[in-house]
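Sequence positions in the sequence shown follow this note's numbering and run 62 to 319.
Quick reminder that beta carbons are idealized off the backbone N, C-alpha and C, glycines included.
Predicted, not measured: the structure shown is a model, and the values here were computed from it.
Reading through the structure tokens given below for one structure.
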Amino acid sequence: MIEIYKKLPKTNCGKCGSATCMAFAMSVKKAQADLSDCPYIKDGASAGPRIDSLTASPSGYEHVAEEIEKVAVNVDFKEAAEAVGGEYISCGGKEAIRLKMINKTYELYKAGLFENNVYSSDTWARIIICDYVRRQSTRPLTGELIGLGHFPHTASHVKAFQSNAERKIAGIFKNNAPSLRQRCLELGGADVPNNLKADYSFRFNLLPNVPLFLSLWSADKEFDADCKILFDSSAEDHIDIEYLANLLERFTFELAGD
62 MIEIYKKLPK TNCGKCGSAT CMAFAMSVKK AQADLSDCPY IKDGASAGPR IDSLTASPSG
122 YEHVAEEIEK VAVNVDFKEA AEAVGGEYIS CGGKEAIRLK MINKTYELYK AGLFENNVYS
182 SDTWARIIIC DYVRRQSTRP LTGELIGLGH FPHTASHVKA FQSNAERKIA GIFKNNAPSL
242 RQRCLELGGA DVPNNLKADY SFRFNLLPNV PLFLSLWSAD KEFDADCKIL FDSSAEDHID
302 IEYLANLLER FTFELAGD
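As structure tokens, this is what we get:
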């Protein structure tokens, strides 16, 4: 989806039928829209590599998932589980690391990543979780909260992803902010104090050692609703920032109920 988004004008003009370029990229990835629906992409040449090479199965990312998974399944599971905040499981001679990504539970066995006792067909889940496990970072939280675009060597499109996510959440809950709290609790969020004077502030664990902090200011007579999403500055040690952008996108769609 990120590769598709890079090819779009990022103007959120709505001419493709989607509210934002980000939403359109997700629709193309899910084969619910065609890249040619964007009026600013006139033909395959202007779009760069064929879009079906990004959405086909196995995709170009499938190879990445396979390579990262090979490394992750060969780490010491007991040590890795402790480092990444997962649960070490050993039953019947089989080892596994159990952990949550947003609101879903996954288990990494020597045979690969599983969800609900079935090998995961979610390529990006395999990439993100296996990369997280193989890093085995033990860096503690710093308490310094920053946006995606403030991490070193961050591509400009990552800032756009965060900005679009914040606008989408603010737009959905601007007229029904109290419902945000219920939705956040359903996704495992917890109310947290904040010094931003926000009306609502929540903490989520995207992964055990990768928290996300969401603050929302309700709309009033003078200002529209506003949303801010921040991460602990230690996140770059636990997860690739490009992968974190994908994880933010997942979180936004889950929160929005898409």
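- In the structure shown, residue 307 falls within a helical segment according to DSSP collapsed to helix, strand and coil.
- When Cβ pairs closer than 8 angstroms are counted between the two stretches, the stretch 131–143 is seen to touch the stretch 187–197, the count reaching three or more.
- In this structure, the beta-carbon distance from residue 170 to residue 190 does not fall below 8 angstroms.
- Three or more beta-carbon pairs separated by less than 8 angstroms are not found between the stretch 144–155 and the stretch 84–97, which leaves the two stretches without contact.
- A residue is called buried when at least 16 other Cβ atoms come within 10 angstroms of its Cβ; residue 124 does not meet this threshold and is exposed.
- Fewer than three Cβ pairs drawn from the stretch 228–237 and the stretch 171–186 lie within less than 8 angstroms of each other, which leaves the two stretches out of contact.
- 8 angstroms or more divides the Cβ of residue 184 from the Cβ of residue 302.
- In this structure, the alpha-carbon of residue 74 lies about 8 angstroms from that of residue 80.
- Classified as exposed, residue 285 has fewer than 16 neighbouring CB atoms from the shown chains inside 10 Å of its CB.
- Per DSSP, residue 182 lies in no beta strand (DSSP E) and is assigned neither H nor E.
- DSSP places residue 163 in no alpha helix (DSSP H); its state is neither H nor E.
- Within 10 angstroms of the beta-carbon of residue 136 lie 16 or more other beta-carbons, which makes it buried.
- Excluding sequence positions up to five before and after residue 309, its CB lies within less than 6 angstroms of the CB of 226, all in the same chain and listed in chain order.
- With fewer than 16 neighbouring CB atoms inside 10 Å of its own CB, residue 100 falls in the exposed class.
- The three-state secondary structure of residue 193, taken from DSSP, is helix.
- Look at residue 77 here: in three-state DSSP terms it is coil, with no helix or strand label.
- The stretch 234–271 contains, as complete alpha helix (DSSP H) runs of 4+ residues, the segments 238–247 (chain order).
- Straight through space, the alpha carbons of residue 126 and residue 288 are spaced by roughly 33 angstroms.
- Residue 213 and residue 77 have their alpha carbons spaced roughly 33 angstroms apart.
- For residue 99, no alpha helix (DSSP H) segment is defined, and its DSSP state is neither H nor E.
- Contact between residue 265 and residue 248 holds: their C-beta atoms lie close to 6 angstroms from each other, under 8 angstroms.
- Inclusion of residue 311 and residue 163 in the CB contact set at 8 angstroms is warranted, their separation being smaller than that value.
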